[in-house]
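2 protein chains.
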Amino acid sequence: MKHLQTLLLIQAVAQAGSIRKAAEDMNITSSALNRRIQGFEAEFGAPVFERLPRGVRLNPAGELLIQHIRAQSSDLERVRAQVADLSGVRRGRVSISCSQAIQPYFMPSKIAEYRREHPGVTFSVNVRDRDAAEMELRSYNSDLALVFEPRHLAEFDVIMSITQPVYAVMERNHPLAAKDELRLRDCLAYPHVVPPPAIGIRYLLDLAVGRMSQKLAPTIEAESFEFMRHYVQNDQAIGFQFPIGLNVGRDDRLAFKPLSVRDIAPGNLSLLQMKGRTLPVASARFANQLALALADL
Amino acid sequence: MKHLQTLLLIQAVAQAGSIRKAAEDMNITSSALNRRIQGFEAEFGAPVFERLPRGVRLNPAGELLIQHIRAQSSDLERVRAQVADLSGVRRGRVSISCSQAIQPYFMPSKIAEYRREHPGVTFSVNVRDRDAAEMELRSYNSDLALVFEPRHLAEFDVIMSITQPVYAVMERNHPLAAKDELRLRDCLAYPHVVPPPAIGIRYLLDLAVGRMSQKLAPTIEAESFEFMRHYVQNDQAIGFQFPIGLNVGRDDRLAFKPLSVRDIAPGNLSLLQMKGRTLPVASARFANQLALALADL
DNA sequence: CTTTGCGCTTCATTATTTGCAGCGCTACTG
DNA sequence: CAGTAGCGCTGCAAATAATGAAGCGCAAAG
């Protein structure tokens with residue numbers, strides 16, 4: 001859209017960190033870009049960038065402005081999608097960031113379900129830890145985020161929120177696989193595979209261990225739950241995961257047993273959007289469907 | 298702001314109802330304006346106006362767009378105000394629509410109180426009935442609305458809400474002035490002054506009377522509470538008002554007595570803003586102060 | 001101490017926007 | 001029922017604004 005051109009250029013400069021680089025990215029000369037920015041700052045009434053010897057950087061006013069720009073363009077997109085919707089076409093693109101646990105079973109099935117009714121809608125799914133997912137929302141790169149243990153709840157609107165107990169994951173004939181419910185201390189007696197601190201489940205583990213005499217002594221710290229699932233088949237090791245990320249009852253090589261909630265708090269799984277934002281139709285509907293599915297879990 | 302120019306022109310055309318009129322308003326020629334609009338529609342991907350023989354009118358897509366435009370410009374204003382705030386200056390303008398009852402005592406004292414701390418902030422206060430106040434919010438002409446018995450609550454964010462009983466207003470030595478609490482039927486035995494149906498208190502009266510055998514037989518239907526207050530000093534008449542609009546205990550010519558809540562529901566006084574909107578700093582702070590003051594009432 | 005990369009400015013050039021005039025159309029008007 | 005006024009739209013020349021090429025001064029990096 002033409003009327004946003006200057007704003008988009010500002011965004012490009014903010015990202016590139018220098019006017020000349022941004023100019024190259026946007027296929028114009030640096031002089032033109034330079035003057036557009038000066039022009040804008042003049043009519044805006046305040047500088048937007050700090051001039052550094054090696055480039056530019058947003059100043060506080062610029063940070064405010066860039067936020068406005070993102071909201072702007074995303075809202076315009078929403079309007080266009082809604083207008084397209086008016087003329088009968090059901091199109092759109094839903095972008096969502098989610099925790100790793102959501103990715104293997106839950107999200108694919110829900111997306112497939114949604115697309116059966118709205119085949120014109122496309123999706124963009126990003127797996128992100130909780131901090132990164134929040135960043136995506138803030139930058140309007142994702143419409144939705146479905147994450148465990150979100151951090152800065154006050155900055156977002158919570159569309160739906162449920163809790164899930166932490167499960168231990170182990171080989172099918174692991175000594176602990178006989179019990180129905182496990183104590184955390186029993187698990188820690190075995191080698192254990194835990195994710196790095198940025199991941200929600202690790203946060204809960206750290207909290208829980210903090211109240212105990214025993215310490216967390218991770219044999220392996222691994223980002224990937226996929227990796228964890230395969231590793232525990234070797235070393236009589238224990239992994240941890242939420243049930244939404246497990247194929248409970250339909251995996252014949254692994255056993256999944258819940259940890260006692262006396263030992264470790266259940267995880268909070270929240271569906272978030274940017275505060276106060278009006279989502280595009282497609283995203284809003286998908287969020288709705290997700291909320292219903294979560295409620296049924 | 299230059300990058301909004303086309304959008305503002307569209308707004309002008311929507312308001313004027315014809316391109317030529319809008320062109321005159323905006324001091325350009327109709328041909329220039331015409332082509333800007335055509336250009337915009339082209340890149341927008343859909344027409345925004347219906348062409349009528351005597352002018353143009355927004356089509357549904359246009360309605361969506363105009364809403365976006367209003368949100369846009371108001372948000373940009375907010376950013377500018379916030380940037381001004383950054384540079385140390387406490388400036389800004391708060392615009393608020395309120396019910397008539399709020400105007401004589403409550404609003405002036407709260408504004409004065411606020412301005413003692415923020416002398417740079419200016420105010421624009423409009424007295425509106427509940428429907429008109431909601432219109433002002435929707436069109437972004439007012440940041441806030443403080444009204445009795447709002448109608449379409451779902452379209453707005455409720456910042457704060459309290460209830461107030463209905464009071465009868467009468468001459469100091471009116472026969473009913475002796476009692477502590479009045480029954481509605483006793484009031485209706487005297488001539489009564491009521492506002493027109495658009496006003497919140499009338500709505501409550503109509504509701505209450507609907508459950509009774511007696512009918513509302515207004516001697517006078519008057520917009521102005523001011524008028525009502527003066528009139529009841531003549532005809533032994535009864536008027537109705539919420540205590541927030543009365544100088545309870547400090548008026549020596551009138552008596553104010555609450556009606557029994559068994560007869561008539563208390564009025565709901567709500568502080569509203571446009572849904573999902575980020576208010577300018579000044580307005581947000583003032584809303585905050587109002588909410589506190591209402592809670593203390 | 002040279003080099004590199006930066007923001008910014010000047011000036012001629014190129015796009016873009018504007019105003020003027022006029023066309024065709026439809027709904028009022030006498 | 002012709003006349004007229006008001007409308008949206010378009011062609012064309014003039015005015016205005018944005019652009020690119022080149023170069024200046026500056027400060028950090030090598």
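Protein chains in written order, with the numbering used here: chain Y, 1 to 297; chain C, 298 to 594.
Backbone N, C-alpha and C fix where the C-beta goes; we use that ideal spot for every residue, glycine too.
Which ranges would you report for the alpha helix (DSSP H) in the segment 516–564 of chain C if only whole runs of at least 4 residues count?
522–528
Leucine 473 (chain C) and lysine 554 (chain C): beta carbons closer than 8 Å?
In this structure, the beta-carbon distance from leucine 473 (chain C) to lysine 554 (chain C) falls below 8 Å.
Under 7 Å between beta-carbons, which chain Y residues line up against proline 357 (chain C)? List them in chain order, please.
Leu86
Measuring only between beta-carbons, confirm whether methionine 1 (chain Y) sits less than 8 Å from chain C.
yes
Residue range of the alpha helix (DSSP H) that valine 281 (chain Y) falls in?
281–296
Taking the Cβ atom as the reference point for each residue, do threonine 419 (chain C) and arginine 390 (chain C) lie within a distance shorter than 8 Å?
yes
In whole angstroms, what separates the C-alpha of arginine 427 (chain C) from that of serine 392 (chain C)?
16 Å
Chain-ordered residues of the segment 261–285 of chain Y with a beta carbon less than 9 Å from chain C:
Listed by position along the chain: Lys275, Gly276, Arg277 and Thr278.
Would you mind working out which of Y:Phe156, Y:Cys187, Y:Val158 and Y:Tyr105 sits nearest valine 169 (chain Y), comparing C-alpha positions?
Y:Cys187
Quick one: measure Cβ to Cβ for valine 490 (chain C) and tyrosine 528 (chain C), integer angstroms, because I've assumed they're closer than 8 Å.
6 Å
Tell me which residue opens and which closes the beta strand (DSSP E) that tyrosine 464 (chain C) is part of.
464–468
Relative to the C-alpha of alanine 562 (chain C), which candidate in C:Met571, C:Leu502, C:Leu569 and C:Pro540 has its C-alpha closest?
Among C:Met571, C:Leu502, C:Leu569 and C:Pro540, the Cα nearest to that of alanine 562 (chain C) belongs to C:Leu502.
Can you list the residues of chain Y that glycine 342 (chain C) reaches, using a CB-CB cut of under 9 Å?
Arg80, Val83 and Ala84
Go through the segment 120–157 of chain Y residue by residue and report every complete run of the beta strand (DSSP E) that reaches 3 residues or more, in order.
121–127 and 144–148
Using the three-state DSSP reduction, which class does glutamate 50 (chain Y) fall into: helix, strand or coil?
If DSSP states are grouped into helix, strand and coil, glutamate 50 (chain Y) belongs with the strands.
Leucine 7 (chain Y) at chain C interface by Cβ criterion, 8 Å:
yes
Specify the secondary structure class of isoleucine 37 (chain Y) as computed by DSSP and reduced to three states.
Of the three classes helix, strand and coil, the one that applies to isoleucine 37 (chain Y) here is helix, per DSSP.
Member of C:Ile498, C:Arg367, C:Glu468 and C:Ala409 whose CA lies at the smallest distance from the CA of serine 439 (chain C):
C:Arg367
Determine the chain C residues that contact histidine 152 (chain Y) at a beta-carbon separation under 8 Å, and present them in chain order.
Near histidine 152 (chain Y) there are no residues of chain C at all, since even the closest Cβ is about 17 Å away, more than 8 Å.
From the beta carbon of aspartate 440 (chain C), is the nearest beta carbon of chain Y less than 8 Å away?
Output row for aspartate 440 (chain C): interface = no.
Endpoints, alpha helix (DSSP H) assigned at arginine 574 (chain C):
No alpha helix (DSSP H) holds arginine 574 (chain C); DSSP gives it neither H nor E.
Taking C-beta pairs closer than 9 Å, name the residues in chain C that glutamine 38 (chain Y) reaches, listed in chain order.
None at all; the shortest Cβ gap to chain C is about 13 Å.
Looking at the C-beta of leucine 4 (chain Y), does it have a partner C-beta in chain C at a distance below 8 Å?
Cβ-Cβ to chain C under 8 Å: yes for leucine 4 (chain Y).
Mapping the DSSP letters down to three states, classify histidine 471 (chain C) as helix, strand or coil.
coil
Isoleucine 199 (chain Y) by DSSP, collapsed to three states: which one?
coil
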